[in-house]
Amino acid sequence: MSAAIEPIVGRYLHLDYAGRHYRLYFEEAGEGIPLVCLHTAGADGRQYRGLMNSAAVTSRFRVIAFDMPWHGKSSPPAGWQDEEYRLTADDYTGLIMAVIEALGVDRPVVMGCSIGGRVVLHLALRHPRAFRALIGLESSAHVDPYYDTGWLHRADVHGGEVAAGAVSGLVAPQAPIADRWETLWHYMQSGPGVFKGDLYFYGVDGDVRGEIGRIDTAQCPLYLLTGEYDYSCTPEDTLAVARAVPGAQVTIMKELGHFPMSENPALFLSYLEPVLADIAARG
Amino acid sequence: MGGGSAVADLGGIEARLAALPEQVNGDAVLLRRGRYLNTICQLDFGGASVLLRILDGRIVDVQRNPSVMPSADFAIIGEPPIWRRFLAADPPPGDHDLFAFLKRRELRVVGDLHPLMSHLLYFKALFACLRDAAR
């Protein structure tokens, strides 16, 4: 037998926000510059375990990943059984700011993927001075619909199976098999309607076209990294953001898809390292 | 299979379709994934088409160029060059998944989509079989 314990520590945060009480799960590892990580729609903070187990990262950064309400080990608020979950831009940005304040984190770097990559654009617009830098993974200003999200939440279709099927093609073919299926497992474990509710932000309320030209990278550096196999947020979508935001720095990542940090952690880290080094050098 | 010859123009797809039942029916994982799947799926290649009859996850019939009134639960429709790209052995980024083609409106799905959406992982694995056969 062999055994090992990872350096990641998980705890629960009790937070009163917008008139409701939340019990939120977060994990962290490392010391140094705070790096808050935002998971994709219908998933949870486990996506960042590769990052939190990288000594090269945690020797310089305090990596924190929290599960959004309704996701992972974070509970939905009391009364959830009588409502339909639907994520809005105001709720999403407000909650991120509340969590950062509650954890006492000063001017963190925030890195988000997919809906998280979208919301960093909102954060750049609303709170540019609150962050040391922002990193958008699979970041676009909007997304064109390509399937009816109604299929994600109906009693006659297994929500976990259909969610995993819907996103399976967004994982690059080169992803290690175990990491591909771990990524899909996260989607299979999502609560009923949660993925669909997140996509309300991704497809409707979080559309930030026409506003991103106001992002000022002099106040807050913006890095964008997108996988070449991502057809949800395509490389062209990310390049369009970069064209609209002077100073944004873009990397198109080969052999990666929509979930770089979980589908192929080692390859992703090779792309992230120069970004983290740049941020660390800025002080 | 029987009928016309238009399907044969799709870069060897006819032979791959002929081999599909053996591939799928010999894959225990795929059969478990599709054990409650019973449907008729039409692949429409623009002038030629194929009906896949699936029973408890097994492909029990591949009917090439069915009658003038083919009856299927749902159909996936596209022009031959699109299918050729979609079913290429190692497609480039953007050509590697059904949903990518749906997003660009290059392939369409019509009919009762419940069998497809409730068994997305099954159908994606089925298409992967068609790609594997091209290698």
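If you read the protein sequences in the order shown, they are chains Y and D.
Reading the first sequence from the start, the letters are residues -16 to 266 in the numbering used here.
Reading the second sequence from the start, the letters are residues 15 to 149 in the numbering used here.
Using N, Cα and C, we set each Cβ at its ideal position, and we do this for glycine too.
| Query | Result |
| --- | --- |
| Can you give me, in chain order, the residues of the stretch 79 to 94 of chain D that have a beta carbon less than 8 Å from any beta carbon in chain Y? | none |
| For chain D, check one thing: does any of its Cβ atoms lie closer than 7 Å to the Cβ of residue 134 (chain Y)? | yes |
| Between which two residues does the alpha helix (DSSP H) containing residue 154 (chain D) stretch? | The requested residue 154 (chain D) does not occur in the structure, where chain D is confined to residues 15 to 149. |
| In this structure, does DSSP put residue 50 (chain Y) in helix, strand or coil? | coil |
| Does any C-beta atom of chain Y lie closer than 7 Å to the C-beta of residue 129 (chain D)? | no |
| Spell out whether any CB of chain D is found under 7 Å from the CB atom of residue 148 (chain Y). | yes |
| Taking the straight line between their C-alpha atoms, what separation do you get for residue 22 (chain Y) and residue -4 (chain Y)? | 17 Å |
| Would you call the stretch 160 to 171 of chain Y and the stretch 39 to 52 of chain Y touching, i.e. three or more CB-CB distances under 8 Å? | no |
| Quick one: measure Cβ to Cβ for residue 181 (chain Y) and residue 25 (chain Y), integer angstroms, because I've assumed they're closer than 8 Å. | 6 Å |
| Report yes or no: is there a C-beta of chain D within less than 7 Å of the C-beta of residue 245 (chain Y)? | no |
| Name the chain D residues that come within less than 8 Å of residue 261 (chain Y), Cβ to Cβ? | Residues of chain D passing the Cβ test: none, with the nearest at roughly 26 Å. |
| How would you call residue 192 (chain Y), buried or exposed, if buried means at least 16 neighbouring beta carbons within 10 angstroms? | exposed |
| Quick one: residues in its chain with C-beta nearer than 7 Å to the C-beta of residue 137 (chain D), no 5 flanking neighbours on either side, listed in chain order? | 130 |
| So, is the C-beta of residue 211 (chain Y) closer than 7 Å to a C-beta in chain D? | yes |
| Determine the DSSP secondary structure at residue -11 (chain Y), reduced to helix, strand or coil. | coil |
| Identify, in the order they occur along the chain, each residue of the same chain with its Cβ nearer than 6 Å to the Cβ of residue 119 (chain Y), setting aside the five sequence neighbours on each side. | 100, 103, 207 |
| DSSP on residue 96 (chain Y), reduced to helix/strand/coil? | strand |
| Are the C-beta atoms of residue 129 (chain Y) and some chain D residue less than 7 Å apart? | yes |
| For the stretch 31 to 75 of chain D, which segments carrying the alpha helix (DSSP H) assignment without a break, of at least 4 residues, lie completely within its bounds, in sequence order? | 42 to 47 |
| How would you list, in chain order, the residues of chain D whose beta-carbon sits under 7 Å from the beta-carbon of residue 156 (chain Y)? | 110 |
| Does residue 114 (chain D) come within less than 7 Å of chain Y when only Cβ atoms are used? | yes |
| Please determine, among Y:124, Y:123, Y:93, the residue with the shortest C-alpha to C-alpha distance to residue 113 (chain Y). | Y:93 |
| Excluding the five sequence neighbours on either side, which residues of its own chain have a C-beta within less than 8 Å of the C-beta of residue 201 (chain Y), listed in chain order? | 230 |
| On a CA-only basis, which of Y:148, Y:88, Y:251, Y:76 is nearest residue 184 (chain Y)? Give me that one, please. | Y:76 |
| With DSSP run on the structure shown, which of helix, strand or coil describes residue 233 (chain Y)? | strand |
| By how many angstroms is the C-alpha of residue 254 (chain Y) removed from the C-alpha of residue 209 (chain Y)? | 10 Å |
| Suppose contacts are defined by Cβ-Cβ distances below 7 Å. Is residue 49 (chain Y) in contact with residue 7 (chain Y) by that definition? | yes |
| Look at the Cβ atom of residue 244 (chain Y), then the Cβ atom of residue 34 (chain Y), and state whether they are nearer than 7 Å. | yes |
| Once DSSP output is grouped into helix, strand and coil, what is the label at residue 125 (chain D)? | strand |
| Residue 140 (chain Y) CB to nearest chain D CB: under 7 Å? | yes |
| State buried or exposed for residue 103 (chain D), treating a residue as buried only when at least 16 other CB atoms are found within 10 Å of its CB. | exposed |
| Between residue 65 (chain D) and residue 86 (chain D), is the Cβ-Cβ spacing less than 7 Å? | yes |
| How about residue 63 (chain D): is its C-beta nearer than 7 Å to some C-beta of chain Y? | no |
| Closer than 7 Å, CB to CB, is residue 254 (chain Y) near chain D or not? | no |
| Just verifying my parser: in three-state terms, what is the DSSP assignment at residue 172 (chain Y)? | coil |
| Since residue 193 (chain Y) sits in a beta bridge, which residues does DSSP pair it with? | Beta-bridge pairing links residue 193 (chain Y) to no other residue. |
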